[in-house]
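Numbering (numbering that gives the first Met the number 0), first residue to last: 0 to 400.
First the structure, in the form of structure tokens, and then the observations on it.
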Amino acid sequence: MGGLFEDVEDEIYREKRVLKEGHQPEKILERDAEIEEYKHALTDALFGRSPDNIFLFGKAGVGKTAVTNYVLSELQAEAQRRDTADPIHVTKVNCNNQSVYSTVRHLVNSLRPSDASSFPKKGPSTADAFEELYARMDELGGTHLFVLDEIDHLSDPDPLLYEFPRARANGHIDRAKVGLIGISNNYTFRNTLSSKVKSTLMEHEISFSTYDASELQTILSDRAQRAFIDGIDVETAISACAAFAAKDDGSARQAIDLLREAADVAQKNGSTMVTADHVETVREEVNRGQLRDKIDDQTLHAQLVLEAVARQQRADSKPVRTTRVQDRYEAVANAWGYDHLTSLKSIQNHLDDLHMLGFLIRSDENKGQQGGRSYRWEVDMTVETLIEAREEIEQQTPSID
DNA sequence: GATCCACAGGAAATAGTGGCTT
DNA sequence: AAGCCACTATTTCCTGTGGATC
0 MGGLFEDVED EIYREKRVLK EGHQPEKILE RDAEIEEYKH ALTDALFGRS
50 PDNIFLFGKA GVGKTAVTNY VLSELQAEAQ RRDTADPIHV TKVNCNNQSV
100 YSTVRHLVNS LRPSDASSFP KKGPSTADAF EELYARMDEL GGTHLFVLDE
150 IDHLSDPDPL LYEFPRARAN GHIDRAKVGL IGISNNYTFR NTLSSKVKST
200 LMEHEISFST YDASELQTIL SDRAQRAFID GIDVETAISA CAAFAAKDDG
250 SARQAIDLLR EAADVAQKNG STMVTADHVE TVREEVNRGQ LRDKIDDQTL
300 HAQLVLEAVA RQQRADSKPV RTTRVQDRYE AVANAWGYDH LTSLKSIQNH
350 LDDLHMLGFL IRSDENKGQQ GGRSYRWEVD MTVETLIEAR EEIEQQTPSI
400 D
């Protein structure tokens, strides 16, 4: 009598994890120019000078994080090799949904010895947190590189971005040196910063372009070589994934997701060949999943506003003005059984946010006395897919606690 | 050129949450 | 327990806009 899983073998994978989210490749392909620029910006750190601040822009899945990890670990390795150099401390924070205070707190905790208690979540003022951070930095000495990932999610980042580059000049720190590395996938974020911050902080702007099909092909081939056992034919699937992802959003993440899911389907069918057909069958599901995750990250009312735009746009088959969004939003909220927000301004706030995040396209309209000035909104994606994604989200979260 | 529409956009107030210090 | 403090989301209140119309 065999066990349930007895006949299951991993027929096609050698190392599936290289196709999974969060895998850090040991070599970075197709980003040579960016790496070179990065390296150049950081060389000061090796010679005990204050490093330049760096800002990285580029859409999700174009290698910002992977390149950062790679370059910084190389930098640290090199600093160790030359023991004349100051120690280099790298600290990473994800600013997603965080405030300046909690970001600073996170940095403080990272610099504290591991046995020390962590800095209070609430209570001290932001200035207290900064003070503590400066003390820690000085204590450790050397050069501190702070990586602020998703920095555009920070509400009111100006104080943070203004404080740091000046910490030394203002005498807050004495021994230590600081460099900031900001990462953002939001190009408009750049314009929301005050000009004084821009000039000091963006000493180096490295912009990551999206991958084209041939670049994606290179990356996928490399991953596939390690992910699959010999004798598995993935060539046609790779071309299909590369072509599709290049046309869609140029992200390596998407291309890799596609390949992985397609390979899973092939495996299930007992095939040793992953084909373009397999890619085709998973394409819609992968897309929908990615969109659903992005939407699910938004707050409830932001989601409802987005859904309202989509539904009204479907009904009118044209971009929707703000007040019509509001009406539809109230209906949508009621339909799902939620209380709705009452002010037009709230809707405007959410629409603005959604626009900044790339969910919505905005256009101006001004009909003078016959209608005044207003914005028109439309979703930057397929209306149907969006509505379906929203319905799925509602179904998987029947209650909110 | 003044006026007017229908909002946009910014500042500040308010409400609610949660946690610290004393 | 009282008094702070910070954060978020929302609302209130205000001034500003740009083009069509008078």
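Glycine included, C-beta positions come from ideal geometry on N, C-alpha and C.
All of these numbers come straight from a predicted model, not from anything done at the bench.
Quiz prompt | For residue 376, the residue or residues it bridges with in DSSP | solution = Taking the first residue of the first sequence as position 1, residue 376 is located at position 377. In the DSSP assignment, residue 376 forms a beta bridge with 319, 361.
Exercise. Could you give the DSSP three-state label for residue 249: helix, strand or coil?
Key: Here residue 249 is taken as the residue at index 250 of the first sequence, counted from 1. Assigned with DSSP and collapsed to three states, residue 249 falls in coil, not helix or strand.
Quiz item: Are there three or more Cβ pairs, one per stretch, closer than 8 Å when the segment 356-367 is compared with the segment 263-283?
Solution: No, the segment 356-367 is not in contact with the segment 263-283.
Quiz item: Taking C-alpha atoms, which residue in 124, 144, 112, 386 lies nearest to residue 43?
Solution: Taking the first residue of the first sequence as position 1, residue 43 is located at position 44. Of all alpha-carbon atoms in 124, 144, 112, 386, the one lying nearest the alpha-carbon of residue 43 is that of 144.
Quiz item: What is the residue span of the beta strand (DSSP E) that residue 129 lies within?
Solution: Against the first sequence, residue 129 aligns to sequence position 130. For residue 129, no beta strand (DSSP E) encloses it; the enclosing alpha helix (DSSP H) starts and ends at 125-139.
Quiz item: Is the segment 331-343 touching the segment 259-275 in the sense that three or more CB pairs, one from each, lie closer than 8 Å?
Solution: Too few Cβ pairs lie closer than 8 Å, so no.
Practice problem: May I ask you to report which of helix, strand or coil DSSP gives residue 57? | Solution: Residue numbering aside, residue 57 sits at position 58 when the first sequence is read from its first letter. For residue 57, the secondary structure class from DSSP, reduced to helix, strand or coil, is strand.
Exercise. Under the assumption that residue 132 contacts residue 106 (Cβ atoms under 8 Å), give the Cβ distance between them as a whole number of angstroms.
Key: For the purposes of this step, residue 132 is taken as residue 133 along the first sequence, with counting starting at 1. For the purposes of this step, residue 106 is taken as residue 107 along the first sequence, with counting starting at 1. Confirmed, Cβ separation roughly 6 Å.
Quiz item: Do residue 262 and residue 210 have their CB atoms nearer than 8 Å?
Solution: As a working note, residue 262 is residue 263 in the first sequence. As a working note, residue 210 is residue 211 in the first sequence. No, they are not a contact pair.
Quiz prompt | Pick from 374, 313, 299 that is closest to residue 320, judged by C-alpha positions | solution = Position 321 of the first sequence, counting from 1, holds the residue named residue 320. It is 374 whose Cα lies nearest to the Cα of residue 320.
Quiz item: Using DSSP with H/G/I as helix, E/B as strand and the rest coil, what is residue 210?
Solution: Counting from 1 along the first sequence, the entry for residue 210 is found at position 211. DSSP places residue 210 in coil when its eight states are reduced to three.
Quiz item: Counting only runs that start and end within the segment 299-346, where is the alpha helix (DSSP H) found for 4 or more residues in a row?
Solution: You should have 299-315, 321-335.
Quiz prompt | Length of the line joining the Cα atoms of residue 92 and residue 111 | solution = Here residue 92 refers to the residue found at position 93 when the first sequence is read from its first residue. Here residue 111 refers to the residue found at position 112 when the first sequence is read from its first residue. Their backbone Cα atoms lie some 15 Å apart in a straight line.
Quiz prompt | Close Cβ partners of residue 31 (< 8 Å) along its chain, the five nearest in sequence each way excluded | solution = If you number the first sequence from 1, residue 31 lands on position 32. Hits under 8 Å: none found.
Quiz item: Out of 250, 184, 134, which has the shortest C-alpha to C-alpha gap to residue 170?
Solution: As a working mapping, residue 170 is identified with position 171 in the first sequence. Of 250, 184, 134, the residue nearest in Cα terms is 134.
Quiz prompt | Limits of the beta strand (DSSP E) - the one that residue 293 falls within | solution = Along the first sequence, one-based indexing puts residue 293 at 294. Counting along the chain, residue 293 falls outside any beta strand (DSSP E), though it belongs to the alpha helix (DSSP H) covering 275-295.
Quiz item: Contact between the segment 62-82 and the segment 224-240: three or more CB pairs below 8 Å?
Solution: Taking 8 Å as the limit for Cβ pairs, the verdict is that the segment 224-240 does not touch the segment 62-82.
Quiz item: Taking the alpha-carbon positions, what's the residue 174 to residue 167 distance?
Solution: Within the first sequence, residue 174 is the residue found at index 175, counting from 1. Within the first sequence, residue 167 is the residue found at index 168, counting from 1. Using only the alpha carbons, I get a separation of about 9 Å.
Exercise. For the segment 253-270 and the segment 232-245, state whether three or more C-beta atom pairs, one from each stretch, are separated by less than 8 Å.
Key: Taking 8 Å as the limit for Cβ pairs, the verdict is that the segment 232-245 does touch the segment 253-270.
Quiz item: Could you give the residue range of the alpha helix (DSSP H) that holds residue 392?
Solution: Here residue 392 refers to the residue found at position 393 when the first sequence is read from its first residue. In the DSSP assignment, residue 392 falls within the unbroken alpha helix (DSSP H) covering 382-395.
Quiz item: Is it right to say residue 39 is buried, meaning 16 or more other beta carbons lie within 10 angstroms of its own, or is it exposed?
Solution: Start at 1 with the first residue of the first sequence, and residue 39 comes out as number 40. Residue 39 should be labelled exposed.
Quiz item: What distance in whole Å lies between the Cβ atoms of residue 104 and residue 128, which are believed to be in contact at a cut-off of 8 Å?
Solution: As a first step, residue 128 must be located in the first sequence, where it is residue number 129. As a first step, residue 104 must be located in the first sequence, where it is residue number 105. Their Cβ separation, rounded to whole angstroms, is 6 Å, which keeps residue 128 and residue 104 in contact under 8 Å.
Self-check item: residue 103, enclosing alpha helix (DSSP H) - first and last residue
Solution: Position 104 of the first sequence, counting from 1, holds the residue named residue 103. If you look at residue 103, you'll find it in the alpha helix (DSSP H) that goes 99-110.
Self-check item: the segment 198-205 touching the segment 229-241, judged by at least three CB pairs closer than 8 Å
Solution: Contact fails between the segment 198-205 and the segment 229-241, because fewer than three Cβ pairs, one in each stretch, are under 8 Å apart.
Exercise. Mind checking which residues open and close the beta strand (DSSP E) that includes residue 148?
Key: Working through the first sequence from its first residue, we reach residue 148 at position 149. 142-148 is the extent of the beta strand (DSSP E) around residue 148.
Practice problem: Evaluate residue 63 with the Cβ neighbour count: other Cβ atoms within 10 Å of its Cβ, from every protein chain shown; 16 or more gives buried, anything less gives exposed. | Solution: As a first step, residue 63 is located in the first sequence; it is residue number 64 there, counting from the start. Residue 63 comes out buried.
Self-check item: Length of the line joining the Cα atoms of residue 17 and residue 367
Solution: If you number the first sequence from 1, residue 17 lands on position 18. If you number the first sequence from 1, residue 367 lands on position 368. Taken atom to atom, the span from the alpha-carbon of residue 17 to that of residue 367 is near 57 Å.
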